Amino acid sequence: MESAGIQGVDSLQIPWTNDDPRLAILPDPPCLPLQASLLEALARVRGSLDCVVPAAAGKETLPTETPLMAENTGCVLVVEEGRLRGIVTARDLVRLASGPLDLASTPLAAVMTTPVLNLHQQDLTNIFAAIHLLRRHRIRHLPIVDDAERPVGLVTISSLRRLLRQSFFLRFRRVAEVMTTRVVTVEPRQTLQQAVETIGAHAISCVVVVEAGSESGLSAQDGGSTGPAEALRPVGILTEHDVLQLRALGHDFSSLLVEQVMSGPPICVAPEDELGAAQDLMNRRWVGHWW
Numbered sequence: 565m566e567s568a569g570i571q572g573v574d575s576l577q578i579p580w581t582n583d584d585p586r587l588a589i590l591p592d593p594p595c596l597p598l599q600a601s602l603l604e605a606l607a608r609v610r611g612s613l614d615c616v617v618p619a620a621a622g623k624e625t626l627p628t629e630t631p632l633m634a635e636n637t638g639c640v641l642v643v644e645e646g647r648l649r650g651i652v653t654a655r656d657l658v659r660l661a662s663g664p665l666d667l668a669s670t671p672l673a674a675v676m677t678t679p680v681l682n683l684h685q686q687d688l689t690n691i692f693a694a695i696h697l698l699r700r701h702r703i704r705h706l707p708i709v710d711d712a713e714r715p716v717g718l719v720t721i722s723s724l725r726r727l728l729r730q731s732f733f734l735r736f737r738r739v740a741e742v743m744t745t746r747v748v749t750v751e752p753r754q755t756l757q758q759a760v761e762t763i764g765a766h767a768i769s770c771v772v773v774v775e776a777g778s779e780s781g782l783s784a785q786d787g788g789s790t791g792p793a794e795a796l797r798p799v800g801i802l803t804e805h806d807v808l809q810l811r812a813l814g815h816d817f818s819s820l821l822v823e824q825v826m827s828g829p830p831i832c833v834a835p836e837d838e839l840g841a842a843q844d845l846m847n848r849r850w851v852g853h854w855w
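This note's numbering runs 564 ahead of the 1-based position in the sequence shown.
So this is what it looks like as structure tokens:
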């Protein structure tokens, strides 16, 4: 099992924060044994709203009346005799959901990622170094283990970012500075199966549903193509969470059209908008993406 020490914080050139990084640990992460099925993992990931983090971090003391915000862990940890052995993420499940595997009979041991990068709780001392660690390894989940390698918590990119002080990091910055200009898209009349394959092929968390014919549209990678597309108008969005919900309900991906299951219309912001205002909009509308 690979346990990571935290290094490289000086290279980040980010000012220190007084926030306790332990507040980013989501307690009681969802765990399943090696022999559990992919279908069981799907159910646990869909129902993983059993962890909470403070909705307003940055205080030295956290009063009991502080509101708590549910945090979807987006993964299940695979254990053997209580010890961490692997991980299966929502992204893994989306990729596998479009394939030939029987989710009810395939054990997690056959598809899990192992070994798992993890961290001992006493080593979680710097929020910025933890973010750097996740980015460096291109992962979204960092299990927290005790000395016996038993998982005791989970840190995610989302739980870490909630501790950052928005006033410093987003003040005076514009959406244009951080936005992605090459967006992977699908069309409303494509099948859900095609959309899921596109999500899996690009290892992304969502696709934008678009129609042609807009004066100010997206420059996109349409259905996985590599060249810039014509101006496109966003009409909806399809996310990992949507795919998992539909798979758990037993829908046939080849018989459903994207337009039947997408969420829309998408929430849009302008490139010149302030990041702080955009983040406030996301929090108010409980969304993870805007266009």
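For each residue, glycine too, the CB sits at the ideal point set by N, CA and C.
This structure is a prediction, so every number in the text was calculated from the model and none was measured.
Let me know if residue i comes out buried or exposed under the rule of 16 or more other beta-carbons within 10 Å of its beta-carbon.
| i | result |
| --- | --- |
| V760 | buried |
| L672 | buried |
| D656 | buried |
| D806 | buried |
| S669 | exposed |
| G717 | buried |
| E741 | exposed |
| H705 | buried |
| E804 | buried |
Could you check the C-alpha separation between residue i and residue j for me, to the nearest Å?
| i | j | result |
| --- | --- | --- |
| F525 | V719 | Nothing can be reported for residue 525, as the shown portion of the chain is limited to 565 through 855. |
| R659 | L697 | 24 Å |
| V774 | C832 | 13 Å |
| V747 | C770 | 10 Å |
| A588 | L688 | 10 Å |
| Q758 | I703 | 25 Å |
Excluding five sequence neighbours on each side, which residues of the same chain lie with their C-beta closer than 8 Å to the C-beta of residue i?
| i | result |
| --- | --- |
| R738 | P835, E836, D837, E838 and L839 |
| L810 | L756, F817, L820 and V825 |
Just verifying my parser: in three-state terms, what is the DSSP assignment at residue i?
| i | result |
| --- | --- |
| I801 | strand |
| H701 | helix |
| G764 | helix |
| S819 | coil |
| E751 | coil |
| L681 | coil |
| S722 | helix |
| I708 | strand |
| E836 | coil |
| R647 | strand |
| R655 | helix |
How about residue i and residue j: are their beta carbons less than 8 Å apart?
| i | j | result |
| --- | --- | --- |
| G800 | G828 | yes |
| V609 | G638 | yes |
| L808 | A674 | no |
| P594 | L641 | yes |
Among residues of its own chain, excluding the 5 on either side of residue i, which ones have a beta-carbon nearer than 7 Å to its beta-carbon?
| i | result |
| --- | --- |
| H701 | L681 |
| E604 | L596 |
Residues in its own chain within less than 6 Å of residue i by CB, not counting five upstream and five downstream?
| i | result |
| --- | --- |
| D816 | none |
Of all the CB atoms in chain D, is at least one closer than 8 Å to the CB of residue i?
| i | result |
| --- | --- |
| D584 | Going by chain labels, chain D is absent from the structure shown, which holds only one protein chain. |
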